[in-house]
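Written out below as structure tokens is the structure these notes cover.
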Amino acid sequence: MAQSSVSRQLRELEQFYGCALLLRTTRATRLTEAGEQVYRHAREWLGADQALRERLSTGGSVPQGTLRMTAPSAFGALVVTPFCAEFGRRHAEVRIDIKLTDRDLDLVREDLDLALRIGRLPDSGLVAQSLGQLEEVAVARRTLVAARMPAHPAELAQLPWVGFSGLRQRLPFVFVRGEDRALIEPPCRLWTDAIIAHREALLSGAGAGVIHRYAVADALEDGRLVQLLPQWQLPLWPLWAVQPARGGPSLLQVWLKELSERLAKLPGWRKD
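Numbered by our numbering, the letters in the sequence shown go through residues 255 to 526 in order.
Structure, rendered in structure tokens:
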């Protein structure tokens, strides 16, 4: 569509609603608060319309269309991408475009249907659905604790540590066992900003560390890593499905339903 046509239609919308929908500066153009409300309302209406069209054309039995989403890099690579491949094999009429990043992308600006996000969410006008929670575990290479296995969280500081910079907001680590709580903030000799790199540092024996169980489940099972203080629990991390508006295409609802079924089998997964 020509730029002149876009500008004309935007002017007509602003006249219709009686307010500015876009804020223009020399550096960027972004939606005003009113513009975001109009966008969310329009997207919700279009999603409902698309869902109705799908139900009428297929009897509601065949998911089809394109799903655009974003997910954290490690969770996306280890969990979401394999699931999307399976989903695509089951539903041949579906196309999925997934952006893996540890940054919170703007769903409106990036034209995304869904964001999977881990941790506490900032306040926003987006629609968030809790899917469940991810368990964290303290682990180390077996050779690192061969001489003596820590018996209390206070003893963990005696080990070399590697850290994931995304967890700095969660320091000190809080270990809980019944009524007992222990806080530790071990000095880390190595920091990484990606869970995949954090996992590799742990596997190489660079130090002990805290990581989501799903990311090291195979290494715990085959003995490359051991869990430290399994009788102590670390806080759980919530997983959210975030949408720009309520409803959305029926494809998204089918995808989320099947994802929830897959997550039920994920190591360290806790349903709310």
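The beta carbon of each residue, even a glycine, is placed where N, CA and C say it ideally should be.
DSSP, read as helix, strand or coil, puts H406 in coil. In the same chain as Q487, and ignoring 5 residues on each side of it, the C-beta atoms closer than 6 angstroms to its own belong to V430, in chain order. Put simply, the stretch 477-497 touches the stretch 391-409. At least three CB pairs are less than 8 angstroms apart. Of the residues assessed, I450 falls on the exposed side of the cut-off, its CB having fewer than 16 other CB atoms within 10 angstroms. As summarised for the stretch 421-501, the continuous beta strand (DSSP E) elements at least 3 residues long and confined to that stretch are 427-431, 434-438, 442-446, 463-466, 479-481, 491-497, given in chain order.
As computed with DSSP, F418 is found in a beta bridge with T446. The three-state reading of DSSP puts R357 in coil, since its state is none of H, G, I, E or B. Listed as beta-bridge partners of Q383 by DSSP are A495. Beta-carbon to beta-carbon, L275 and T286 are separated by about 6 angstroms, close enough to satisfy the 8 angstroms threshold. The shortest C-alpha to C-alpha distance from A473 to any of L490, P489, A455, L361 is the one to A455.
Per DSSP, R284 is not a residue of any alpha helix (DSSP H); the beta strand (DSSP E) it occupies stretches across 283-285.
With 16 or more other CB atoms across the displayed protein chains lying within 10 angstroms of its CB, F418 is buried. Between V416 and A369, the C-beta gap is not smaller than 8 angstroms, which leaves the two residues out of contact.
In the pairwise beta carbon analysis, the stretch 430-447 is classified as not touching the stretch 370-387: fewer than three pairs are separated by under 8 angstroms. The beta carbon of P521 is closer than 6 angstroms to those of R467, Y468, A471 in its chain, skipping five residues each way along the sequence.
Counting along the chain, the unbroken beta strand (DSSP E) around R371 starts and ends at 368-372. Beta-bridge partners assigned by DSSP to R395: L479.
Here the alpha carbon of E409 sits roughly 13 angstroms from the alpha carbon of A394. Listed as beta-bridge partners of V348 by DSSP are G319.
Under the criterion of beta carbons closer than 8 angstroms, R524 and E389 qualify as touching, at roughly 6 angstroms. Secondary-structure assignment with DSSP links T324 through a beta bridge to K353, A369. Non-local C-beta neighbours of Q383 in its own chain, meaning closer than 6 angstroms and more than five positions away in sequence, comprise A495, ordered along the chain. L361 sits close to P498, with the two beta carbons spaced by under 8 angstroms.
Comparing alpha-carbon positions, the option among S327, L425, A296 lying closest to D447 turns out to be S327.
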